[in-house]
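K.L.:
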Amino acid sequence: MADKQYLDGLVQDYIQNNERGLTKPIGRVYSPLVYRVCQTVSLSAVAIGIAVSVRAPMTGVLCLGTATVAALIGFIAYQAVWQAVEIAARNARAFAKLMLLTGVDRQTRMAAVQKYMILRMPLTAKHWYEKRYPEALRAFVDNQQTSTSKKPTVLQGSVFSTGVIAADSVKSVPESAPEKPDMYLSLPILNQIKMRALAAGAGLLKETEQLMLGQKVMRPVQWMCGVLSDVISRQVQPERVPLSQSVVSTYER
Amino acid sequence: MKQIKLYTLLPTTDGSFVAVLPFLSDAPPKEAKLLFDGTPHVLFYRADKESYVWDYLNPDAIEPMKKMDKILIFEVDISSQSIRWEYWARVIQTTENPHVTLEQTR
Numbered sequence: 051m052a053d054k055q056y057l058d059g060l061v062q063d064y065i066q067n068n069e070r071g072l073t074k075p076i077g078r079v080y081s082p083l084v085y086r087v088c089q090t091v092s093l094s095a096v097a098i099g100i101a102v103s104v105r106a107p108m109t110g111v112l113c114l115g116t117a118t119v120a121a122l123i124g125f126i127a128y129q130a131v132w133q134a135v136e137i138a139a140r141n142a143r144a145f146a147k148l149m150l151l152t153g154v155d156r157q158t159r160m161a162a163v164q165k166y167m168i169l170r171m172p173l174t175a176k177h178w179y180e181k182r183y184p185e186a187l188r189a190f191v192d193n194q195q196t197s198t199s200k201k202p203t204v205l206q207g208s209v210f211s212t213g214v215i216a217a218d219s220v221k222s223v224p225e226s227a228p229e230k231p232d233m234y235l236s237l238p239i240l241n242q243i244k245m246r247a248l249a250a251g252a253g254l255l256k257e258t259e260q261l262m263l264g265q266k267v268m269r270p271v272q273w274m275c276g277v278l279s280d281v282i283s284r285q286v287q288p289e290r291v292p293l294s295q296s297v298v299s300t301y302e303r
Numbered sequence: 019m020k021q022i023k024l025y026t027l028l029p030t031t032d033g034s035f036v037a038v039l040p041f042l043s044d045a046p047p048k049e050a051k052l053l054f055d056g057t058p059h060v061l062f063y064r065a066d067k068e069s070y071v072w073d074y075l076n077p078d079a080i081e082p083m084k085k086m087d088k089i090l091i092f093e094v095d096i097s098s099q100s101i102r103w104e105y106w107a108r109v110i111q112t113t114e115n116p117h118v119t120l121e122q123t124r
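Protein chains in written order, with the numbering used here: chain A, 51 to 303; chain B, 19 to 124.
1) Could you name the residues of the same chain whose beta carbon sits closer than 6 Å to that of Arg102 (chain B), not counting the 5 residues immediately before and after it, in chain order?
2) According to DSSP, Glu97 (chain B) sits in a beta bridge with which residue or residues?
3) State yes or no: is the beta carbon of Thr31 (chain B) nearer than 8 Å to at least one beta carbon in chain A?
4) Which bits of chain B does Val126 (chain A) rub up against, with CB to CB less than 7 Å?
5) Asp87 (chain B) to Lys51 (chain B), Cα distance in whole Å?
6) How would you write the range of the beta strand (DSSP E) that Pro47 (chain B) sits in, first residue to last?
7) So what's Ala97 (chain A) in DSSP terms, helix, strand or just coil?
8) Under 8 Å Cβ-Cβ, which residues of chain A neighbour Glu104 (chain B)?
9) Taking the alpha carbon of Thr112 (chain B) as the reference point, which residue from B:Glu49, B:Asp66, B:Leu61, B:Pro77 has its own alpha carbon closest?
10) If contacts are defined as beta-carbon pairs under 8 Å, then Pro115 (chain A) and Gln89 (chain A) qualify, I think. What distance do you get, rounded to the angstrom?
11) Using a Cβ cut-off of 8 Å, pull out every chain B residue sitting near Leu254 (chain A), in sequence order please.
12) Can you tell me where the alpha helix (DSSP H) with Ala250 (chain A) in it begins and where it stops?
13) Taking Cβ-Cβ distances below 7 Å as the criterion, which residues of the segment 87 to 111 of chain B are in contact with chain A?
14) Give me the residue from B:Ser98, B:Pro77, B:Ala65 with the minimum Cα distance to Pro238 (chain A).
15) Going by beta carbon distance, what residues of the same chain come within less than 7 Å of Leu122 (chain A), once the five residues before and after it are set aside?
16) Starting from the beta carbon of Ile239 (chain A), find every residue of chain B whose beta carbon is closer than 9 Å, and list them in chain order.
17) When DSSP labels each residue in this structure, what does Pro77 (chain B) get in the three-state scheme?
18) In whole angstroms, what is the alpha-carbon distance linking Asp44 (chain B) and Arg64 (chain B)?
19) Determine the contact status of Val38 (chain B) and Tyr25 (chain B), defining contact as a CB-CB distance below 8 Å.
20) Under 8 Å, do Arg91 (chain A) and Ala120 (chain A) count as touching if we go by C-beta distance?
21) Straight-line CA distance for Val96 (chain A) to Val111 (chain A)?
22) Roughly how many whole angstroms lie between the Cα atoms of Ala127 (chain A) and Ser94 (chain A)?
23) I'd like to know whether the C-beta atoms of Tyr70 (chain B) and Pro58 (chain B) end up nearer to each other than 8 Å.
24) Using 10 angstroms around the beta-carbon of Ser197 (chain A), count the other beta-carbons present and answer buried if the total reaches 16, otherwise exposed.
25) Going straight from the alpha carbon of Ile91 (chain B) to that of Lys67 (chain B), what length do you get?
26) What does Gln242 (chain A) reach in chain B if we use C-beta pairs closer than 7 Å?
27) Terminal residues of the continuous beta strand (DSSP E) containing Ala37 (chain B)?
28) Quick check on DSSP: helix, strand or coil for Pro29 (chain B)?
See below:
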C-alpha cells in the first residue's frame, strides 16, 4: 500500500506540475525574451538619461522613468522565467524518479532528463539552469530517495530515450535493485506468448509489438511511466519504431 | 489474499487482453476466474483457496475489461525465462467486489 501511495503521489505530482503551464509559451518563450528586452531598454534608458540629464533634465527624467518601468517589467519576466525553470526542474525530478522505478540505467536516465530539461525549460534560460542546477540534476538522476525514504520498486527493462529497448540497457540494473527479482518479459518470452496466444485464438494486436517494445504495455507501474514516456517520445525521440517492424528486427537494430 | 503488483496486459485483436502474470504456484489453476467490478482492483481466483488481487489496473484497460467474458493468462517464471502455466479465466462482471485484506506478492 505504501508503494501505491508513493507512486500515486509521483504521478499526481507530475500531472499537476505539467498542468501548471510548463508548456505555455508565456513562461518558456516570451518571458526570457521580455526579460532580455527589458534589461536592454532599462540599461539603455539609464545610460541615455544620465548622458542627457545635464543638458535636458526633463529628457533625463523621462529616460530614468522609462528605465524604471522597463526594470519592473523585466523583473516580473525574470520571475516568470524562474518559475518555468523550477517547474521544469520538478518535472525532471519526477521523470528521474519514475525512470528509477522502471529500472532505467543511470546513463539513460541522465540523457533523458537532460534532453527533457533542455526541451522543456525556458528557451533562453538554459545557461541559468546549468549554472544553478548541475548538482540538482545529478541528484535527480542519482538520488533514489530524494523526498521520501520509501524504497521504490525497481523493474528491469524499460526505455524512455530511444523508444526501443537496447539490449545492453535492459540488462543494467540500478544500484537500488530490490531483493526479489521483479517481473521482466524478455524477448523470447514475449515471442512465445505471442505465438501461444495466437494458437489459443487470441491474436495480439499488431501494435502490441510496439507497445511491448516501448514498454507501454498495460503494466501498472509502467502505465504511469507511459504518461512520461509519451511526453519524452514526443520530445526527444523524433523517430518512432514503425509498426510494421518485427520485434526481432527492431531489437537487433 | 495476495496482491499481484506487477503484471502485463497485452491488447488482442478482438479487444480483449492477454494477461501475463508472474509465476504464482506449482499447483495447476482450477476454474480460474476474475471478478471485475469496474474498479482498478480485480479479484483473481486462480484455484480453490488461492486468490489474488490485480492491483492498479490501467485506466485504459477498465472499459475493455467490462466487455470481456474470458481472458487468456500466462504465468511466466522470470528466473527460468519460461511460461509455466497458460490458461483461460472467466471474467465475471460484478457490481461491487468485496473488500479484502491484502498481502503483497511480487
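Ideal Cβ positions, reconstructed from N, Cα and C, are used throughout, including at glycine.
P.N.:
Taking the geometry as given:
1) Phe41, Glu93, Asp95
2) Note that residue 97 (chain B) is Ser in the sequence shown here, rather than Glu. Answer is none; Ser97 (chain B) lacks a bridge partner.
3) yes
4) Reading the sequence as shown, one finds Ile at residue 126 (chain A) and not Val. The premise fails here: Ile126 (chain A) is roughly 39 Å from chain B at the closest Cβ pair, so nothing lies under 7 Å.
5) 10 Å
6) Unbroken run through Pro47 (chain B): none, as it is neither H nor E.
7) helix
8) Arg246, Ala250
9) B:Leu61
10) Correcting the residue type first, residue 115 (chain A) is Gly in the shown sequence and not Pro. The Cβ separation is near 17 Å, so there is no contact.
11) Leu28, Pro29, Thr30, Thr31, Val36
12) First-last for Ala250 (chain A): undefined, no H or E at that position.
13) Leu90, Phe92, Val94, Ile96, Ser97, Gln99, Ile101, Glu104
14) B:Ser98
15) none
16) Val38, Phe92, Val94, Ile96, Gln99, Ser100, Ile101
17) helix
18) 12 Å
19) yes
20) First, the residue type needs correcting, since residue 91 (chain A) is Val and not Arg in the sequence shown. Contact: yes.
21) 10 Å
22) 18 Å
23) no
24) Confidence in Ser197 (chain A) is poor, its pLDDT being 36 and thus under 50, which makes the residue's placement unreliable; the coordinate value appears in the next sentence. Label assigned to Ser197 (chain A): exposed.
25) 19 Å
26) Ile101
27) 35 to 40
28) strand
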